[in-house]
Structure formats: structure tokens, C-alpha cells
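**Student:** Please see the structure below; I have some questions.
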Amino acid sequence: MVFLPLRAAAVLAAVAALSACSSLSGMRLPSMPSMPSWATWGGASKAQAVAPVVAAAPALKPTERTELWRGIYRQDAEIGRFTECRTGAEMPVAQTGDSALLQAAYLASRSAPGAPLWVEVQGRWVQRARADMPPSANAKELVLLVERFVSVSSQTSCVGW
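Using mature numbering (1 follows the signal peptide of the UniProt record, and there is no 0), the letters of the sequence shown correspond one by one to residues -19 to -1, 1 to 142.
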């Protein structure tokens, strides 16, 4: 099947091109996080993958300030979800900003569909209308607005961050 190799090549080309844009913008990317030990790679359950590292971290709330966020990203179908490492809060990722670069890097790096990967992004938390509710319900949800994709790692949990 020719479609899959071409798609993978296109995703890798997009990631490389967008990475080059980031390096040309004059902003320095931080170095990649150190690789975890073999013990942290094997057999981490889903509960361990989303467990908060710091027990008494503040709750996430909407902000206008861009910050560096580290957490676990996974994508099912078209929906990207981010689990913030300090609080363990899981939120959808807005489909604007640098989310396309985050998705491309995830698709190129994941081991299987829906597999979790550790990512680092610059962004902020914003309120938006819930997609699964009618507009008349006026229901809101907190989402991560990725303003700049920083890095992705094969690590699958927040352990150690």
C-alpha cells in the first residue's frame, strides 16, 4: 500500500520544515529531556501515566500568560488530549496555534495509534464552548491552546518530571 509510506514521509517532511521555522525565528529550543531509564519505559500502567508528580499542585484555570507545559499527549481519531504532569489534569487540545505541529510530531513518533507520548509545549489554558453540547447550553470547557511546540519524547509517563 503506497498511501502509508507517502503519508509518513509527508508528516516527517512537515515536522522537519516546521522545526526549521522554529529555529529560524531566533528562539532557542531547549535541549531534549534526558532519556528515561529502562525501568521507566516498561509496563507503566495507564494510572501511572497520568498520576500527578506533585501532589499539592494548584488547579489549572484560564490564563492569558503563556507558560511552558510538560505532560502526556495522546490522540484518538482527530481529538488530541494533554495530561499536565504537575496536576494530572487531562484536557483537550485546541485545534489552533501550533497544534498541527504537535499532531504531526506525535503521529511521526508514536508506537501505536492512541499511544501516549511525553511532550513539552508553550501555551495557555483557555475556556471554549464544549463541542459535544449545543451552543444554547452555554457549556464551557478548559482546553490547552498550544502556541509553540517544543519537543516530544518516547517517554510514556510523567514519572520523573
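Glycine residues also receive a C-beta, built at the ideal position from the N, C-alpha and C atoms. Remember, it's a predicted structure, so these values are computed and weren't measured experimentally.
What three-state label does DSSP hand residue 82 in the structure shown?
**Tutor:** helix
**Student:** Spatial neighbours of residue 46 within its chain, please: CB distance less than 8 Å, with the 5 preceding and 5 following residues excluded, ordered by chain position.
**Tutor:** 105.
**Student:** Look up residue 24 in the DSSP assignment and say whether it is helix, strand or coil.
**Tutor:** With a pLDDT of 45 at residue 24, under the threshold of 50, the modelled position of that residue is not reliable, and no figure is offered here.
**Student:** Kindly confirm or deny that the segment 107 to 120 and the segment 130 to 139 touch, where touching means at least three C-beta pairs closer than 8 Å.
**Tutor:** no
**Student:** Could you give the residue range of the beta strand (DSSP E) that holds residue 103?
**Tutor:** Where residue 103 is concerned, the enclosing beta strand (DSSP E) starts and stops at 98 to 110.
**Student:** So who's on the other strand from residue 123, going by DSSP bridges?
**Tutor:** 108
**Student:** So is residue 64 buried or exposed if we call it buried at 16+ other beta carbons inside 10 Å?
**Tutor:** buried
**Student:** Give a yes or no on whether the C-beta atoms belonging to residue 149 and residue 49 are separated by under 7 Å.
**Tutor:** Missing from the structure shown is residue 149; the chain here goes from -19 to 142 and no further.
**Student:** For residue 117, name the three-state secondary structure that DSSP assigns.
**Tutor:** helix
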